[in-house]
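**Student:** As you go down the protein sequences, you meet chains A and B in turn. Anchor point for the first sequence: position 21 equals 21 in this note's numbering, and the numbering is continuous, going up by one each time. Anchor point for the second sequence: position 170 equals 170 in this note's numbering, and the numbering is continuous, going up by one each time.
There are 2 protein chains.
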Amino acid sequence: MGSYVNQEYFDPFFGNFEKHIPLSDVEKRIISENLKCMDVPKNTLVLSQGSKVNTIFYVVSGALRAYHLNEKGKESTVMFAIRDWWITDMNGFTHQDLAQVSLETLEDSKLVGLGYEVLESLLRELPRLERFFRILFQRAYIREQSRLLRQLSMDVAKRYRAFVERYPNIVAAVSQKQMASYLGVTPEFLSQVKNK
Amino acid sequence: MGSYVNQEYFDPFFGNFEKHIPLSDVEKRIISENLKCMDVPKNTLVLSQGSKVNTIFYVVSGALRAYHLNEKGKESTVMFAIRDWWITDMNGFTHQDLAQVSLETLEDSKLVGLGYEVLESLLRELPRLERFFRILFQRAYIREQSRLLRQLSMDVAKRYRAFVERYPNIVAAVSQKQMASYLGVTPEFLSQVKNK
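(1) Does DSSP classify residue 83 (chain A) as helix, strand or coil?
(2) How should residue 99 (chain B) be labelled, buried or exposed, when 16 other C-beta atoms within 10 angstroms of its C-beta is the threshold for buried?
(3) Pull up the CB-CB distance for residue 73 (chain B) and residue 110 (chain B), whole angstroms please, since I reckon it's below 8 Å.
(4) With DSSP collapsed to three states, give me the class of residue 95 (chain A).
(5) Scan the region 107 to 138 of chain B for residues whose Cβ lies nearer than 7 Å to a Cβ of chain A and list them as they occur along the chain.
(6) For residue 76 (chain A), which beta-bridge partners are listed by DSSP?
(7) Would you call the CB atoms of residue 263 (chain A) and residue 37 (chain A) closer than 7 Å?
(8) Would you kindly check if the distance between the Cβ of residue 35 (chain B) and the Cβ of residue 103 (chain B) is under 7 Å?
(9) Could you tell me whether the region 67 to 84 of chain A touches the region 114 to 132 of chain A, where touching means 3 or more Cβ pairs closer than 8 Å?
(10) Determine the contact status of residue 141 (chain A) and residue 57 (chain B), defining contact as a CB-CB distance below 7 Å.
(11) Pull out every residue of the region 14 to 33 of chain B whose Cβ sits closer than 8 Å to any Cβ of chain A, in chain order.
(12) Within 10 angstroms of the Cβ of residue 172 (chain A), are there 16 or more other Cβ atoms? Answer buried if so, exposed if not.
(13) Using three-state DSSP, classify residue 18 (chain A) as helix, strand or coil.
(14) How is residue 106 (chain B) classed by DSSP in three states: helix, strand or coil?
(15) Just mark residue 78 (chain A) as buried or exposed, buried being the case when its beta carbon has 16 or more other beta carbons within 10 Å.
(16) Would the beta-carbon of residue 194 (chain B) fall within 7 Å of that of residue 187 (chain B)?
(17) How many Å lie between residue 190 (chain A) and residue 88 (chain A) at the Cα?
(18) List the residues of chain A whose Cβ lies closer than 7 Å to the Cβ of residue 167 (chain B), in chain order.
(19) Spatial neighbours of residue 181 (chain B) within its chain, please: C-beta separation below 6 Å, excluding the five flanking residues on both sides.
(20) Between the Cα of residue 60 (chain B) and those of B:94, B:153 and B:108, spot the shortest distance and give me the residue it belongs to.
(21) Can you say whether residue 40 (chain A) is buried or exposed, counting buried as having 16 or more other CB atoms within 10 angstroms of its CB?
(22) Is residue 118 (chain A) near the ligand PLP, in the sense that its beta carbon is under 6 Å from a heavy atom of that ligand?
(23) Relative to the C-alpha of residue 169 (chain A), which candidate in A:92, A:106, A:23 and A:82 has its C-alpha closest?
(24) For the beta strand (DSSP E) that residue 136 (chain A) lies in, which residues bound it at each end?
(25) So residue 39 (chain A) is in the beta strand (DSSP E); what residue range does that whole segment cover?
(26) Checking the sheet assignment: what are the DSSP bridge partners for residue 63 (chain B)?
(27) If distances are taken between C-alpha atoms only, which option among B:139, B:158, B:120 and B:43 comes closest to residue 96 (chain B)?
(28) Taking the DSSP output, what are the residues bridged to residue 184 (chain A)?
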C-alpha cells in the first residue's frame, strides 16, 4: 500500500486501533479518507459549551481539557486528555445534542477528528470497528466509575496523590486552578493540601 | 422455535438486546444456553468487595445497589440498578481483578447472570453482540460522566432533585442513608436539604 499524506497523524491513530483489533490496509484507507487532521495552537477551543457536538477527537500530541461553566460561573474540569487518548462531549456526540462542556487545548496539539455521521457510517461499513469502540467505551466507563468512587470515598489529599501517580504528564500540563477544579475544590484549598 | 424454560427471564433480557441489534432465534438459543437465571431475596450480596468478579448481571425485576467501604468504614453508594439495567463491578469484571464494590439486592430480585468467560466467547462467536455492548458501554460512560459533572457543578439540593426527577423508582426503593451515601453527604445533611 502507498503512503498516506498525513502519516504523522495516521500512524499513532491506527496504532491505537491495533491495540485491540487488526485492520487491513484497505480498511485503513477507507477510514483515513474520512478523517480530519488538525494542528491546533495552545489555548484554542475546539468545542464550545452549548454548541452542537460534531466530532470525537483522537489526541496525536498535546493536551486538552473539558470543562463546564455552571450558571453561577463556577468552572468544573470534567476530564483531561493527552497523547493517545480520545475526547469529546460524549452525551452531545452520541445523542447529537448540545455540548455541556467546552474543550480547549492546554498545549499546541495535533488532533484527528472523526465526525458523527462518518463514525456511524464507518461502523455500518466496517462492523469490526464495533469491537474497538466497545473496548474503548468499556474502559472509559471503568475510568469514570473509578473516579467517582475516589470522589466519594477519598479525601482531597489522597485523590490528588492518586492523580499525580497515575497521570504525571497531565499534572505537568495543567495549572493549579485547573487541577483544583478537577478535584472539586478551590485552588486555595488544593494549595493548603499540597503544602502539608 | 420452541419455548425457553426461563421465558420470564429471557423475554426481557433479549428485549434489552433488541433495542439495539436484531437477534435470530438461533442466536438467542446459543446465548440462552450460557445464562444463569437467579431469584435472589432482598438484602442479599451477589458480589462482595475484595472478591473476584465473575459475572455481569441484567436486572429482570427488583433493585440493586453497588457500594464501597473505605478503610475508615465510610460507605459510598456508587450506583443503583433497577429493572432492565445492567450492573457489575466493571473494572473487576473487565480486568478479572478484585471487586472494589459490593452488590446487594434492595428488593427481591430476578437477575440474569452472564459469566466473564461466557461473554468473551459469545463476543467471538457472535460479533454482532459487539455493537450491542458498544452502545451499552457508550451510554454507561455518558451516564457516569453526567453524574460526575453534576457532582462537581451542582449543590446537593439540585443533585437530589435531579435524581428524584430522573429515577423516581429508585428513590422509592432506597433508604435515606443509601441516598445520602450516593450523593456524597451525611444522612443528616440530606435530611436538612429535603426539609428546606
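We put the CB at the ideal spot given by N, CA and C, even for glycine.
**Tutor:** Let me spell this out:
(1) Looking at residue 83 (chain A) - three-state DSSP - the assignment turns out to be coil, as it is neither helix nor strand.
(2) Under the 10 Å beta carbon count, residue 99 (chain B) is surrounded by 16 or more other beta carbons and is classified as buried.
(3) Contact doesn't hold; Cβ gap of about 32 Å is too wide.
(4) helix
(5) 127, 130, 131, 133, 134, 137 and 138
(6) Residue 76 (chain A) pairs with A:68.
(7) A question about residue 263 (chain A) goes unanswered here, because the residues of chain A that appear run from 1 up to 196.
(8) no
(9) Contact between the region 67 to 84 of chain A and the region 114 to 132 of chain A is absent, with fewer than three C-beta pairs closer than 8 Å.
(10) The answer is no: Cβ separation not under 7 Å.
(11) none
(12) exposed
(13) coil
(14) coil
(15) Under this definition residue 78 (chain A) is a buried residue.
(16) no
(17) 27 Å
(18) Within chain A, no residue comes near residue 167 (chain B); the closest Cβ sits about 16 Å away, beyond 7 Å.
(19) Closer than 6 Å at the Cβ level, and outside the excluded window around residue 181 (chain B), lie 75, 76 and 77.
(20) B:108
(21) By the Cβ neighbour-count rule, residue 40 (chain A) is buried, with 16 or more other Cβ atoms within 10 Å of its own.
(22) Absence of the ligand PLP is noted for the structure shown, with no ligands found whatsoever.
(23) A:82
(24) Here residue 136 (chain A) belongs to no beta strand (DSSP E); instead the alpha helix (DSSP H) covers 128 to 153.
(25) 36 to 40
(26) B:82
(27) B:120
(28) BP columns for residue 184 (chain A) are empty, so no partner.
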